[in-house]
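Working notes for the structure below.
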Amino acid sequence: MCVNLSIYPHHHAGFGVYVYPNSFFRYEGEWTKGEKHGHGKLLMKDGSYYEGEFARGEIEGNGSRFWAKTGVSYSGQFSGGELHGYGVMQKGNGERYEGEFSYGLRDGNGFLVDKDEQTYEGSFHQNKRHGEGQMHYRNGDQYEGGWLLDQQQGHGVMRFGDGSVYEGQWRNNLFNGQGTMIHCSGIIYEGVWTNGRPLGGASKVVIEGGDVLEVFQETPFCVEVQLQTEVGEKATGENGRVLQISTAIRLCGLSLSTTPASLLKMMEDIKETPIPTPFGFQVVSYPLMERAFGSQVIDTAAPLAVAAVAAKSGSAQADSPLLLEGEWESGSGSDGLPLMGGTPSYLDGKEASGEQNQSGEGESTIITEFFSGLFAGQEEDSTPPPANQRVLEGQAKFQNLLLAPPPHDFIPYQLMDELKRNIKKPSNRAPTDRPGLSQEKNSERRSSTGSCFTSNIKKSSIDSRSVRPGEYVIMVKDVTNPPFQGQTLPPAFALLRLFPAKTKSKNSQTDKTKSK
1 MCVNLSIYPH
11 HHAGFGVYVY
21 PNSFFRYEGE
31 WTKGEKHGHG
41 KLLMKDGSYY
51 EGEFARGEIE
61 GNGSRFWAKT
71 GVSYSGQFSG
81 GELHGYGVMQ
91 KGNGERYEGE
101 FSYGLRDGNG
111 FLVDKDEQTY
121 EGSFHQNKRH
131 GEGQMHYRNG
141 DQYEGGWLLD
151 QQQGHGVMRF
161 GDGSVYEGQW
171 RNNLFNGQGT
181 MIHCSGIIYE
191 GVWTNGRPLG
201 GASKVVIEGG
211 DVLEVFQETP
221 FCVEVQLQTE
231 VGEKATGENG
241 RVLQISTAIR
251 LCGLSLSTTP
261 ASLLKMMEDI
271 KETPIPTPFG
281 FQVVSYPLME
291 RAFGSQVIDT
301 AAPLAVAAVA
311 AKSGSAQADS
321 PLLLEGEWES
331 GSGSDGLPLM
341 GGTPSYLDGK
351 EASGEQNQSG
361 EGESTIITEF
371 FSGLFAGQEE
381 DSTPPPANQR
391 VLEGQAKFQN
401 LLLAPPPHDF
411 IPYQLMDELK
421 RNIKKPSNRA
431 PTDRPGLSQE
441 KNSERRSSTG
451 SCFTSNIKKS
461 SIDSRSVRPG
471 EYVIMVKDVT
481 NPPFQGQTLP
491 PAFALLRLFP
501 AKTKSKNSQT
511 DKTKSK
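Under UniProt numbering, the sequence shown has 50 at position 50, and the numbering climbs by one with no breaks.
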């Protein structure tokens, strides 16, 4: 029997219906001694309701709650009318929480699915992720570790959707403190992090030895590279960054008003976009390769005929990539930096191991034959570039490098030859006269040639497919893919001065004569 308790609610026990004086609430359920006690349903005029257990007039025990205005529903334990204990809350925006509550707030262990379908399983405090927990993000990232009031804090491991992994200290949702990242590109950084960035991370690529490298024709050389931090220290904590080495040749700067149309047409035929350099001029690519060690090459490799020399005043901005006639013999390099003056001291006595070859031929002869064989039957220009190198403890090394023969009809070479033919030579100079050695005269002569270069090798020996002595540019680029933390390091540049192939010394020739 249902009794209307609006008149005498305090004297009834059993099941009854009570409408509150404000008419907003209505209770249907069990009573004991005039109090809601047992199972009942409390209805609200806006459509909200509670249905479940009551004790001595209070919502207490297991029940269900629905808020009509927000669409939130809860099913679980209550205490004193509050969500308290274990329960499940579902929101209208798709968010769902299952776990422990404390007086209306998520508190304790639980499992949360947010409105973006991201999941968190772990500890909560006052409605926030707090303590240890695991988070699965919609983009595929997964975090497991410490939390402080909804922010990643303490020790944690983040497994990114792209395969990268970070393990270490966190603060304010960022890498902070000691940590290690294994990036999907292969880079590994171990060290201190500050606000999400490696404190000792690489910020630049540096070619060791200065701005100028000097080598001989047909002699392999090496280039050593170092990653440095913003303060110029070696980034020893970084491994795996991918570096690519290449060479380039200076592009002549021509004046539209004074340059013949034939030269301007050649410039237009260069399809490649010129590359700016820190030396004040632009370059276009020139092929570089690694020396192939074939069966004809002796086991004992020739010494690497390379040395880095500190850039002297003006040497890093040389006016002339290759040298004009007579400069090899004169011993004067571009902008007054000595180039030959005899044999460079770092190559004295280091001939290309001719004595050890069974045939008695020198290394220079072997490499010359190698170049010749490169052209035989070759229909297309297909010189493979040197292999990319991965950084180890902040350092990388490119070995056995050689300037490759230029492509067929190499336009920069043709441009230089054409430019040389257009130079007006003084008629009162004797055929045997050579240019002066002073920097002033060299500068005057270069200005008349548009700051481009040729060599003093006789025309009969100049092959359109031979590597010409002179100045080139080495470039080392960061080609790590994808870029580490979304940033690619700027490229490094150095001038490469190529000398004519070194001939055997008189002493070695005398020794060979005596051995006969």
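Glycine included, every Cβ here is placed at the ideal spot set by N, Cα and C.
message: By the DSSP assignment, the beta strand (DSSP E) with threonine 119 in it spans what residues?
response: Position 119 of the sequence shown, counted from the first residue, corresponds to residue 119. Its beta strand (DSSP E) spans residues 119-125.
- prompt: Taking only runs of the beta strand (DSSP E) that begin and end inside the region 16-55, which ones reach a length of at least 3 residues, in chain order?
  reply: 25-32, 35-44, 49-55, all fully within the region 16-55.
field: Secondary structure of aspartate 211, DSSP reduced to three states
entry: In the sequence shown, the residue the question calls residue 211 occupies position 211. Secondary structure of aspartate 211 (DSSP, three-state): coil.
query: Start and end of the beta strand (DSSP E) containing glutamine 217?
result: As a position in the sequence shown, residue 217 is number 217, starting the count at 1. Per DSSP, glutamine 217 belongs to no beta strand (DSSP E) and is neither H nor E.
Per DSSP, the bridge partner or partners of glutamate 290: Residue numbering aside, residue 290 sits at position 290 when the sequence shown is read from its first letter. The partner list for glutamate 290 (beta bridge, DSSP) reads Leu401.
query: Contact check, leucine 498 vs glutamine 217 under 8 Å by CB: the rounded distance?
result: Taking the first residue of the sequence shown as 1, we reach residue 498 at position 498. Taking the first residue of the sequence shown as 1, we reach residue 217 at position 217. Correct: roughly 6 Å between the Cβ atoms.
- prompt: So is valine 225 buried or exposed if we call it buried at 16+ other beta carbons inside 10 Å?
  reply: One-based indexing of the sequence shown puts residue 225 at position 225. Buried, because 16 or more other Cβ atoms sit within 10 Å of the Cβ of valine 225.
query: With burial defined as no fewer than 16 other Cβ atoms inside 10 Å of the residue's Cβ, what is the status of lysine 69: buried or exposed?
result: For the purposes of this step, residue 69 is taken as the residue at position 69 of the sequence shown. The residue in question, lysine 69, is exposed, as its Cβ has fewer than 16 Cβ neighbours within 10 Å.
query: How many Å lie between phenylalanine 221 and glycine 191 at the Cα?
result: Looking up residue 221 in the sequence shown gives position 221. Looking up residue 191 in the sequence shown gives position 191. Cα-Cα distance, rounded: 34 Å.
task: Compute the distance between the beta-carbons of proline 407 and isoleucine 249, then report whether it is under 8 Å.
output: Counting from one through the sequence shown, the residue named residue 407 turns up at place 407. Counting from one through the sequence shown, the residue named residue 249 turns up at place 249. Their beta carbons are not under 8 Å apart, which means proline 407 does not touch isoleucine 249 by this criterion.
task: Output the distance between the C-alpha atoms of asparagine 109 and threonine 236, rounded to the nearest integer angstrom.
output: By one-based count along the sequence shown, residue 109 stands at place 109. By one-based count along the sequence shown, residue 236 stands at place 236. Roughly 42 Å separates the two Cα atoms.
task: Note the first and the last residue of the continuous beta strand (DSSP E) segment covering isoleucine 59.
output: In the sequence shown, counting from the first residue as 1, residue 59 sits at position 59. Segment 58-67, the beta strand (DSSP E) holding isoleucine 59.
field: Start-to-end residues for the beta strand (DSSP E) that takes in cysteine 222
entry: What you label residue 222 is simply residue 222 of the sequence shown in a count that begins at 1. Looking at the DSSP string, the run of the beta strand (DSSP E) that includes cysteine 222 is 221-228.
- request: Tell me whether the beta-carbon of isoleucine 245 lies closer than 8 Å to the beta-carbon of valine 215.
  value: Here residue 245 is taken as the residue at index 245 of the sequence shown, counted from 1. Here residue 215 is taken as the residue at index 215 of the sequence shown, counted from 1. Cβ distance not < 8 Å, so isoleucine 245 and valine 215 don't count as in contact.
- prompt: Do valine 391 and glycine 232 have their C-beta atoms closer together than 8 Å?
  reply: Translated into the one-based positions of the sequence shown, residue 391 becomes position 391. Translated into the one-based positions of the sequence shown, residue 232 becomes position 232. Taking 8 Å as the Cβ cut-off, valine 391 and glycine 232 do not qualify as a contacting pair.
field: Inter-residue Cα distance where the pair is residue 540 and valine 205
entry: The structure shown does not extend to residue 540, since the chain spans only 1 to 516, so no value can be given for it.
- prompt: How long is the line joining the alpha carbons of proline 384 and phenylalanine 398, rounded to whole angstroms?
  reply: As a working mapping, residue 384 is identified with position 384 in the sequence shown. As a working mapping, residue 398 is identified with position 398 in the sequence shown. If I take the Cα positions, the gap works out to 15 Å.
query: Taking valine 476 as the reference, which of Ala387, Met416, Pro469 has the closest Cα?
result: Position 476 of the sequence shown holds residue 476. Relative to the Cα of valine 476, the nearest Cα in the group Ala387, Met416, Pro469 belongs to Ala387.
message: For a quick check, are the C-beta atoms of glutamate 60 and histidine 39 less than 8 Å apart?
response: The residue given as residue 60 occupies position 60 in the sequence shown. The residue given as residue 39 occupies position 39 in the sequence shown. No; because the gap between Cβ atoms is not below 8 Å, this pair is not in contact.
query: What residues are listed by DSSP as bridge partners for cysteine 499?
result: What you label residue 499 is simply residue 499 of the sequence shown in a count that begins at 1. One point to set straight first is that residue 499 is phenylalanine, not cysteine, in the sequence displayed. Per DSSP, Phe216.
query: Excluding five sequence neighbours on each side, which residues of the same chain lie with their C-beta closer than 7 Å to the C-beta of arginine 56?
result: In the sequence shown, residue 56 corresponds to position 56, counting from 1. Counting only Cβ-Cβ distances below 7 Å, and skipping sequence neighbours, we find Glu35, His37.
query: In this structure, does DSSP put glutamate 418 in helix, strand or coil?
result: Within the sequence shown, the letter at position 418 stands for residue 418. Note: glutamate 418 maps to helix in three-state DSSP.
task: Output the distance between the C-alpha atoms of valine 283 and asparagine 481, rounded to the nearest integer angstrom.
output: Taking the sequence shown and counting its residues from 1, one reaches residue 283 at position 283. Taking the sequence shown and counting its residues from 1, one reaches residue 481 at position 481. One C-alpha to the other measures close to 25 Å.
- prompt: When DSSP labels each residue in this structure, what does phenylalanine 484 get in the three-state scheme?
  reply: Here residue 484 is taken as the residue at index 484 of the sequence shown, counted from 1. Looking at phenylalanine 484 - three-state DSSP - the assignment turns out to be helix.
field: For valine 72, the residue or residues it bridges with in DSSP
entry: Residue 72 sits at position 72 when you count from the first residue of the sequence shown. Within the DSSP secondary-structure output, valine 72 pairs in a beta bridge with Trp67.
query: Who pairs with glutamine 152 in a beta bridge, going by DSSP?
result: Within the sequence shown, the letter at position 152 stands for residue 152. In the DSSP output, where bridge partners are listed per residue, glutamine 152 has Trp147.
query: Shortest alpha-carbon distance to arginine 138 belongs to which of Gln152, Val157, Gly161?
result: Counted from its first residue, the sequence shown places residue 138 at position 138. If you compare the alpha carbons of Gln152, Val157, Gly161 with that of arginine 138, the shortest gap goes to Gly161.
message: Less than 8 Å between the C-beta atoms of glutamine 77 and glycine 85, yes or no?
response: Residue numbering aside, residue 77 sits at position 77 when the sequence shown is read from its first letter. Residue numbering aside, residue 85 sits at position 85 when the sequence shown is read from its first letter. Judged by their CB atoms, glutamine 77 and glycine 85 are nearer to each other than the 8 Å cut-off.
- request: State buried or exposed for lysine 502, treating a residue as buried only when at least 16 other CB atoms are found within 10 Å of its CB.
  value: For the purposes of this step, residue 502 is identified with residue 502 of the sequence shown, where counting begins at 1. Classification for lysine 502: buried.
- request: Report the rounded CA-to-CA distance for asparagine 176 versus tryptophan 170, giving the unit in angstroms.
  value: Translated into positions along the sequence shown, residue 176 becomes position 176. Translated into positions along the sequence shown, residue 170 becomes position 170. Each residue's Cα considered, the two are about 5 Å apart.
message: If the criterion is Cβ atoms closer than 8 Å, does the pair proline 274 and leucine 251 meet it?
response: Along the sequence shown, read from residue 1 onward, the residue named residue 274 stands at position 274. Along the sequence shown, read from residue 1 onward, the residue named residue 251 stands at position 251. For proline 274 and leucine 251, yes; Cβs fall inside 8 Å.
message: Rounded to whole angstroms, what is the Cα-Cα separation between glutamate 30 and alanine 13?
response: For the purposes of this step, residue 30 is taken as residue 30 along the sequence shown, with counting starting at 1. For the purposes of this step, residue 13 is taken as residue 13 along the sequence shown, with counting starting at 1. The alpha-carbon atoms of glutamate 30 and alanine 13 are separated by roughly 7 Å.
field: Close-in-space but distant-in-sequence residues of the same chain around glycine 140 (CB under 6 Å, 5 per side omitted)
entry: Working through the sequence shown from its first residue, we reach residue 140 at position 140. Answer for glycine 140: Gly161, listed in chain order.
- prompt: What distance in whole Å lies between the Cβ atoms of valine 467 and threonine 247, which are believed to be in contact at a cut-off of 8 Å?
  reply: Taking the sequence shown and counting its residues from 1, one reaches residue 247 at position 247. Taking the sequence shown and counting its residues from 1, one reaches residue 467 at position 467. Actually they are not in contact, since the Cβ atoms of threonine 247 and valine 467 sit about 10 Å apart, beyond 8 Å.
field: Local Cβ density within 10 Å of aspartate 409, reported as buried at 16 or more and exposed below that
entry: Translated into positions along the sequence shown, residue 409 becomes position 409. So aspartate 409 counts as exposed.
task: Just tell me which of Tyr103, Thr119, Leu83, Gly87 has its CA closest to the CA of glutamate 95.
output: Working through the sequence shown from its first residue, we reach residue 95 at position 95. Nearest to glutamate 95 by C-alpha distance, out of Tyr103, Thr119, Leu83, Gly87, is Thr119.
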